[in-house]
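Presented below is the structure to which this report refers.
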Amino acid sequence: MKIKCLVVDDEPLAVRLIENHIAKIDALEVVATANSALKAFEILNTQEVDLLFLDIKMPNITGIDFLKSLKNPPKTIFTTAYRDFAIESYELEVVDYLLKPITFERFFKSVDRFLRESVPIKKSVVEKQPEENYILLKSAGKNYKIDLDDIVYVESIKDYIKVHKQDGTNLTSKYKIGNLESELPFGSFIRIHRSFIINTSKITAFSNTDIEVSGIELPIGVSHKEEVDLFLEKIKK
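The opening residue of the sequence shown carries number 71 in this note's numbering; numbering runs sequentially from there.
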């Protein structure tokens, strides 16, 4: 049996992109699409849905308010052009939070997470697909493959980023930190400052003003503090 997906977005091109991504994964199928939360509500009352791809900014009712209103919502992946709603999505315990434009590589990582966490009987599907637990960055004319587990934190330096790795080495690439943030898996990496993204598995200590990753102390930025505090509260529980 395939995993039944519902795609909800008021932008037709965005719906088409998600449909195209879903079509590339044998385990998934689109059972319906909707251009509003109200239409999605009707569909959920008449059809079985396993996985919901939900836009946030829509007319009449936002994706977040819609999800909150459901008594037994399906597993959900938010799709949005706005990072501002990440805090609320933590509270709703969604599978993932995808920032538009959504590449297939980033999309597949979300589906992979859903399959591993929610549908153990579908593990064979995951094994058929290459798990891309890495990023590719260009530096000095070469493309470098960097395993996500090797990243301690990423530092922004104007139009460049510096990736600090577990072995003490680093790699500098001409790339904007905001673009990289949208490509990294939600929850595994978090932006704590306009200049820093950290690997959450490398956290060794934290306070109200800074976070230590692999023994390196980094500041928490004012504009990111609310989101970071919410994430750290989950660690304390």
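Heads up, the beta-carbon is just placed ideally off N, CA and C, and yes, glycines get one too. Quantities reported herein were computed from a predicted structural model and do not represent experimental measurements.
Return the chain-ordered list of same chain residues with a C-beta closer than 6 Å to the C-beta of residue i, the five sequence neighbours on each side being excluded.
i	result
S308	Past the boundaries of the shown model lies residue 308; the chain is included only from 71 to 307, so the question cannot be answered.
I247	S226, I231
F136	A107
F256	D166, Y167
R176	E253
Y245	I231
Beta-carbon within less than 7 Å of residue i's beta-carbon, same chain only, minus the 5 sequence neighbours each way: which residues are those?
i	result
D280	E287, L288, P289, I290
I262	I268, I281, L288, I290, G291, H294, V298
I126	T132, G133, I134, F148, T150, Y152, F155
V85	V77, D79, T103
I191	Low confidence applies here, because I191 scores a pLDDT of 40, under 50, leaving its location unreliable and the question unanswered by this model.
So is the beta-carbon of residue i under 7 Å away from any non-hydrogen atom of the ligand ADP?
i	result
S180	By its list of ligands, the structure shown contains no ligand whatsoever, and the ligand ADP lies outside what it can speak to.
Where do the ends of the alpha helix (DSSP H) carrying residue i lie?
i	result
H294	Run containing H294: none; DSSP gives neither H nor E here.
N142	No alpha helix (DSSP H) holds N142; DSSP gives it neither H nor E.
D166	From DSSP, D166 is part of no alpha helix (DSSP H) but of the beta strand (DSSP E) over 166 to 169.
R183	174 to 188
A151	Note, A151: premise wrong, no alpha helix (DSSP H); not H, not E.
I113	107 to 114
I281	I281 -> not in any alpha helix (DSSP H); beta strand (DSSP E) instead, spanning 280 to 283.
Should residue i be labelled buried (16 or more other beta-carbon atoms within 10 Å of its own) or exposed?
i	result
K198	Reliability fails at K198, whose pLDDT of 39 lies under 50, so the model's placement of it is uncertain and the value that follows must be treated cautiously. Exposed, because fewer than 16 other Cβ atoms sit within 10 Å of the Cβ of K198.
T173	exposed
A93	exposed
A275	exposed
K158	The sequence given here has Glu at residue 158, not Lys. When all chains shown are included, E158 counts as buried.
R183	buried
E201	Caution applies to E201, whose pLDDT of 48 falls short of 50 and renders its modelled position unreliable; the model cannot decide the point.
L83	exposed
One question on the structure: do residue i and residue j come within less than 8 Å of each other, judged by their Cβ atoms?
i	j	result
D80	P144	no
S265	S243	no
V119	K74	yes
F259	Y160	no
E89	V101	no
T146	L122	yes
N203	D217	yes
A97	L162	no
Tell me which residue opens and which closes the beta strand (DSSP E) that residue i is part of.
i	result
E225	221 to 227
L250	No beta strand (DSSP E) holds L250; the alpha helix (DSSP H) holding it covers 247 to 253.
A102	98 to 104
L218	Run containing L218: none; DSSP gives neither H nor E here.
P289	286 to 289
A93	Where A93 is concerned, there is no enclosing beta strand (DSSP E), although the alpha helix (DSSP H) it sits in stretches over 82 to 93.
Could you pull out every residue in the same chain whose Cβ sits closer than 8 Å to the Cβ of residue i, ignoring the five residues on either side in sequence?
i	result
L250	I205, V224, I231, I267
L241	L207, S209, Y214, I216, K232, V233, K235
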